[in-house]
Structures are given as C-alpha cells and as structure tokens.
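Numbering (the UniProt record's numbering), first residue to last: 1 to 318.
First the structure, in the form of structure tokens, and then the observations on it.
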C-alpha cells in the first residue's frame with residue numbers, strides 16, 4: 001500500500017479516488033493511516049475527499065499517523081477537491097452518454113436484423129403455402145384427368161412429383177429462415193439483457209417474452225440450456241407461461257394439485273419424459289413447494305429429485 005506509482009497508474013486508468021473498501025475506508029484514509037505523504041498528495045490532487053468518514057467514524061485527517069500528513073490534510077483547500085470532483089463527474093457523464101449511444105446503436109442494428117429476418121421468414125412461409133396450393137391443384141388435376149380417361153396419366157403424375165420437390169425445397173428454406181430469425185432474436189435478447197439497468201435485469205438468467213419461449217425452452221437456439229448442463233427454472237408472475245406449457249406437448253405436474261402429485265402420476269409423467277423425450281414441467285405456481293416436492297418424490301424413490309436435478313437419472317437404470 002501507499003505505492004505512488006501504482007496509485008498514479010490506477011487514477012490515469014479512471015479509478016475512483018473515493019472508492020470505498022472494507023470498513024468503508026477510502027484510499028486516502030489508508031494512505032493517511034500508513035503515513036504515505038506522496039500517496040496522500042497524489043490522491044488529493046486527483047479528487048480524494050478528506051471529509052469522508054469510515055466505519056469507525058473517523059476521517060483521514062483524524063487518523064493521520066504523521067505530522068506531515070496531518071498538516072497537509074488540514075491545510076488542504078477543499079475548493080480544489082470540489083473542482084476536481086466536478087471534472088470527474090463530467091467525464092463520467094460523458095462516458096455514460098457515449099456508452100448509452102453505443103448501446104442504442106447496437107440495439108437498433110440488431111432490431112433491424114430481426115426485422116429483416118422476420119420479413120424473410122414471412123416470405124418463405126408464403127412461398128411454402130403457395131407450393132402446397134400448387135401441389136393440391138396438380139393432385140386435383142390428376143384426379144380429374146383420371147376420371148375423364150386421360151390417355152397419359154404419367155404426365156400429371158410427373159407434375160405432382162415435380163411440385164412435391166418444390167414443396168420440400170420450400171420447407172428447407174422455411175426451416176433455414178426460422179433458424180436465422182431465432183438466432184437474430186437470441187442476439188437481441190442477450191444484448192438487451194446485458195444493457196439492462198433495472199434490478200430485475202441484473203438478476204441471474206435471461207428475461208424473455210412469452211413468444212420467445214418456443215425458441216429458448218424447446219428449440220434451445222444457441223444451445224444455451226444444453227451448454228449450461230442444467231434444467232431451466234422459469235419464473236413468471238403473469239401466469240401466461242404455465243398456460244403455454246400446459247397446452248404444449250408436455251408432462252405437466254402441478255405441485256399444489258393432490259391428484260398431480262400422486263405417486264403413480266408422478267412416476268407416469270417422469271417415465272414418459274425419459275422414454276419419449278417429452279418435457280417434464282413441475283409447476284409450483286406462487287408457492288415455494290420445493291421441499292414438499294422432494295419429500296413426495298422420495299416416496300417413489302429415495303433421492304429421486306436429486307437424481308433428476310443432476311441428470312444422473314438419465315445415465316443410470318432406476
């Protein structure tokens with residue numbers, strides 16, 4: 001501590017001269033306590049405030065360990081500190097505005113990419129719909145010709161086969177467009193989450209809309225769930241997510257419904273999920289039912305919930 005060169009380097013890199021550490025002590029407090037006169041002078045000249053109190057209700061002036069340090073602190077012109085702090089704040093505000101402008105530009109760029117991907121997906125869907133209509137038309141024409149005794153049915157059959165190829169090609173293009181759209185939305189979600197300033201946005205995980213659940217939970221665009229090695233925990237205060245999951249092809253267990261938590265039903269839902277790959281949903285609604293669920297699952301097999309959470313149930317015969 002008290003190394004003048006290190007302090008100067010950190011300040012040049014934008015370090016806060018009044019950052020609060022353990023016991024609410026500032027760098028100036030520690031330099032004063034250690035009797036490092038040069039460090040004290042550097043900190044004062046760069047905006048360190050000797051009026052800030054630590055957790056022990058003492059400021060740098062009161063705990064100065066040498067007369068020289070104490071004299072410098074007592075005679076320091078606070079107007080110089082105020083002027084430096086204003087400059088520091090102005091620089092922070094400028095950086096904040098620049099960062100905000102950069103984030104907005106990045107978000108706008110990603111939004112444009114999403115809009116273009118959505119337009120492309122809609123176009124490919126319409127092309128697929130048209131291809132299906134043409135296929136049905138050719139099938140109808142073939143049936144009509146056969147009913148009228150057309151002499152060369154192989155021509156209409158070939159026309160049907162040609163259109164079937166068009167349909168398959170259109171399906172591939174729709175799938176590609178859907179994947180591109182999902183990736184664009186993923187990039188936008190992650191960028192928005194990284195830029196969030198609210199407390200909710202700083203919580204672990206990713207904040208998504210209901211319409212994004214298909215891409216995030218079921219298609220796992222970007223392999224985020226697979227790479228994490230964990231099962232997803234979904235928190236939804238609106239209740240719309242549980243409705244979406246119930247009407248999806250899932251094995252849904254409501255933790256507050258006795259019939260759902262029946263041993264045989266839990267066993268049936270779990271086996272169905274393991275054998276057929278259907279998602280198993282445990283809906284706890286607005287109540288913390290985890291410990292209760294662990295106990296109920298233990299009735300079926302000791303340590304069942306743990307083996308589900310760590311995925312060992314997928315690797316061993318139970």
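Heads up, the beta-carbon is just placed ideally off N, CA and C, and yes, glycines get one too.
Problem set entry | C-beta atoms of residue 170 and residue 127 nearer than 8 Å | Yes. Within cutoff.
Problem set entry | Closest residue to residue 106 among 192, 164, 139, 307 (Cα-Cα distance) | Checking every option, the nearest Cα to that of residue 106 belongs to 192.
Exercise. Just the Cα atoms here: how many angstroms apart are residue 154 and residue 161?
Worked result: Going by the C-alpha atoms only, they are around 10 Å apart.
Exercise. Is residue 281 helix, strand or coil when you go by DSSP?
Worked result: Under the three-state reduction of DSSP, residue 281 is assigned to strand.
Problem set entry | Segments of 4+ residues assigned as alpha helix (DSSP H) that fall wholly inside the segment 121-201 | DSSP runs (the alpha helix (DSSP H)) wholly in the segment 121-201: 153-195.
Exercise. For the putative contact between residue 8 and residue 52, defined by C-beta atoms under 8 Å, what is the C-beta separation to the nearest angstrom?
Worked result: That belief does not hold up - the Cβ atoms of residue 8 and residue 52 are roughly 21 Å apart, past 8 Å.
Problem set entry | Nearest to residue 216 (by Cα), restricted to the options 245, 186, 4 | For the set 245, 186, 4, the Cα lying nearest the Cα of residue 216 is the one of 186.
Problem set entry | Cβ-Cβ distance between residue 24 and residue 48 below 8 Å | The answer is no: Cβ separation not under 8 Å.
Exercise. Does any residue of chain B bring its CB to less than 8 Å from the CB of residue 224?
Worked result: Of the chains in the structure shown, none is chain B; there is only one protein chain.
Problem set entry | Beta-bridge pairing of residue 253 - partner residues as DSSP gives them | The secondary-structure analysis by DSSP pairs residue 253 across a beta bridge with 282.
Exercise. Is the number of C-beta pairs between the segment 164-180 and the segment 124-138 that are closer than 8 Å three or more?
Worked result: Contact between the segment 164-180 and the segment 124-138 is present, because at least three Cβ pairs lie under 8 Å.
Problem set entry | Supposed close pair residue 131, residue 180 - CB separation, criterion 8 Å | Not confirmed; about 20 Å, so no contact.
Exercise. Under three-state DSSP, which class holds residue 67?
Worked result: Here residue 67 carries a helix assignment [DSSP, helix/strand/coil].
Exercise. When the Cα of residue 4 is compared with those of 27, 229, 178, 266, which residue comes out closest?
Worked result: Of the candidates 27, 229, 178, 266, the one whose C-alpha sits nearest the C-alpha of residue 4 is 27.
Problem set entry | Between the CA atoms of residue 111 and residue 201 - distance to the nearest angstrom | With a pLDDT of only 46 at residue 201, under 50, the local geometry of the prediction cannot be trusted, and no value is derived from it.
For this session: Identify the continuous alpha helix (DSSP H) that holds residue 25 and give its terminal residues.
Result: Counting along the chain, residue 25 falls outside any alpha helix (DSSP H), and DSSP gives it neither H nor E.
Exercise. Cβ of residue 243 within 8 Å of Cβ of residue 281?
Worked result: No, these two residues do not count as a Cβ contact at 8 Å.
Problem set entry | Nearest-angstrom Cα separation, counted from residue 156 out to residue 141 | Straight-line Cα distance between these residues: approximately 7 Å.
For this session: For the alpha helix (DSSP H) containing residue 242, list its first residue and its last residue.
Result: From DSSP, the alpha helix (DSSP H) with residue 242 extends over 240-247.
For this session: Go ahead and pull the three-state DSSP assignment for residue 237.
Result: Three-state result, residue 237: coil.
Problem set entry | Inter-residue Cα distance where the pair is residue 313 and residue 261 | Cα to Cα, residue 313 sits roughly 19 Å from residue 261.
For this session: Given a cut-off of 8 Å, decide if residue 208 and residue 189 are closer than it, judged by their beta-carbon atoms.
Result: Yes, the pair counts as a contact, with Cβ atoms nearer than the cut-off.
Problem set entry | Separation of residue 283 from residue 343, as counted between CA atoms | Nothing in the structure corresponds to residue 343, since the chain is present only between 1 and 318.
Problem set entry | Rounded separation between residue 100 and residue 13 - CA only | Their backbone Cα atoms lie some 20 Å apart in a straight line.
Exercise. For residue 198, does the count of other Cβ atoms within 10 angstroms reach 16, so buried, or fall short, so exposed?
Worked result: Caution is warranted here: a pLDDT of 48 is assigned to residue 198, below 50, making its placement in the model unreliable, and the coordinate value is therefore given only provisionally. By the neighbour-count rule (16 or more Cβ atoms within 10 Å), residue 198 is not buried but exposed.
Exercise. Would a C-beta distance cut-off of 8 Å place residue 245 and residue 254 closer than the cut-off?
Worked result: No. Outside cutoff.
Exercise. Taking DSSP as the reference, what is the three-state secondary structure of residue 276?
Worked result: Under the three-state reduction of DSSP, residue 276 is assigned to helix.
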